[in-house]
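Take a look at the structure set out below.
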Amino acid sequence: MEKINQKLQLSRQKLTSLPFRKIAPNIVTLLALCAGVTSIRYSIQADWTKAVLCIFIAAFFDLLDGRVARMLKGSTKFGAELDSLSDFVSFGVAPSILLYQWTLFDLPKFGWFFCLLMSIGMAMRLARFNTMLEEEPQPEYWNHFFVGVPAPAAAALVMMPIMISFDFPDWNWLIRSNAFCAVLLVVVTFLMVSRIPTFSTKKLKIPSYLFLPIILVVVLFASFVISQPWLTLGISTLCYALSIPVGVVVFWNEKRKYKA
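Here the sequence shown is numbered in the numbering used here, starting from 103 and rising by one per residue.
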């Protein structure tokens, strides 16, 4: 009887209290969700700078919540599901509405279709990601790669024309055209749901002799972000897009070596 009472007390404690290390990652995830929803508000108000900035803030919190969960050993299934829902809103819905308000509203009948396509693609990608977590581990050659373009990177690719237009308004005839933005949404959606390998830094190990050069590059990048934020972020996103075919070549070389 005493053992049964002790088990009942422990179960009651689990239901009535949670350690802070379990809650902290969820708080960070909710901050990302708030930033994504706020971006939708600024998109409706045609405040493009703040709308783009909010999505980047959401990306920062999205990067942070996983680190916090691993550092505090507070990963939970509830947190993983909440993170997926936050990613869907912040990187699927918010960029779609932003691009629609920016230019695609002027595309009769079809503008909203492309925005729906982006959101549906994001939902499918996140659903696949959640199911892959429950499957058998990927082979070793997948350690440094994502399956498809990750959610924050997809949002950045969609916003790339808007960021470039902040510093180069004379190019609006091209980058703000309905045709260009519609094609961009289709291409990004395809990259999200595809199985194309893209670079991942989650398990990247840096040699000690490269530590100081990388610190200098990070400091230089930070100075550019402060002085020319939109041009720097736009060019960085463009460089990421150019890295995708390079990642495919590197992946196939590693896969061939692994099988050999």
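Glycine included, each C-beta is placed from N, C-alpha and C at the ideal position.
Under 8 Å between C-beta atoms of residue i and residue j
i: Ala225; j: Gly194; result: yes
i: Ala253; j: Asp189; result: yes
i: Ala171; j: Pro127; result: yes
i: Thr339; j: Phe326; result: no
i: Ile157; j: Ala257; result: yes
i: Met294; j: Leu200; result: no
i: Met265; j: Val352; result: no
i: Met234; j: Thr291; result: no
i: Leu187; j: Phe163; result: no
Cβ-Cβ separation, residue j to residue i (assumed contact under 8 Å), whole Å
i: Glu356; j: Tyr243; result: 4 Å
i: Ala343; j: Leu206; result: About 20 Å separates the two Cβ atoms, so there is no contact after all.
i: Gly138; j: Ser192; result: 3 Å
i: Pro271; j: Leu286; result: With 8 Å as the limit, Pro271 and Leu286 do not qualify as a contact, their Cβ atoms being about 18 Å apart.
i: Gly349; j: Phe247; result: 7 Å
i: Ala196; j: Ser141; result: 4 Å
i: Asn280; j: Gly223; result: Not confirmed; about 19 Å, so no contact.
i: Trp150; j: Trp204; result: 6 Å
i: Val288; j: Phe216; result: 7 Å
DSSP-derived helix/strand/coil call for residue i
i: Pro197; result: helix
i: Pro271; result: helix
i: Val350; result: helix
i: Pro254; result: helix
i: Phe212; result: coil
i: Pro127; result: helix
i: Thr205; result: coil
i: Pro263; result: helix
i: Thr300; result: strand
i: Tyr342; result: helix
i: Leu117; result: Confidence is the limiting factor: at Leu117 the pLDDT is only 48, short of 50, which leaves the residue's position unreliable and the question unanswerable from this model.
First and last residue of the uninterrupted alpha helix (DSSP H) at residue i
i: Val154; result: 150 to 174
i: Val290; result: 280 to 295
i: Pro315; result: 313 to 329
i: Glu66; result: Summary: the structure shown does not reach residue 66, with the chain confined to residues 103 through 362, and so no result is reported for it.
i: Lys179; result: 179 to 190
Selected residue, minimal CA-CA separation from residue i, among the options
i: Asp167; options: Ser302, Arg278, Met265, Asp185; result: Asp185
i: Pro347; options: Arg297, Trp214, Phe231, Asn245; result: Arg297
i: Ser177; options: Leu335, Cys136, Ile129, Leu135; result: Ile129
i: Asp269; options: Ile337, Gly213, Pro241; result: Ile337
i: Phe301; options: Cys341, Met265, Thr233; result: Cys341
i: Glu183; options: Ala229, Val154, Gln330; result: Ala229
i: Gly181; options: Ala362, Thr131, Phe323, Lys307; result: Thr131
i: Leu165; options: Ser310, Lys304, Met294; result: Lys304
i: Leu306; options: Asn245, Ser345, Ile146; result: Asn245
i: Arg169; options: Lys124, Ser329, Arg143, Thr151; result: Lys124
i: Ile159; options: Lys359, Pro309, Cys136; result: Cys136
i: Arg358; options: Ala148, Pro241, Ile316; result: Pro241
i: Asp208; options: Tyr144, Met173, Phe282; result: Phe282
Chain B contact for residue i (CB, 8 Å cutoff)
i: Gly213; result: Absent from the structure: chain B. Only one protein chain is present.
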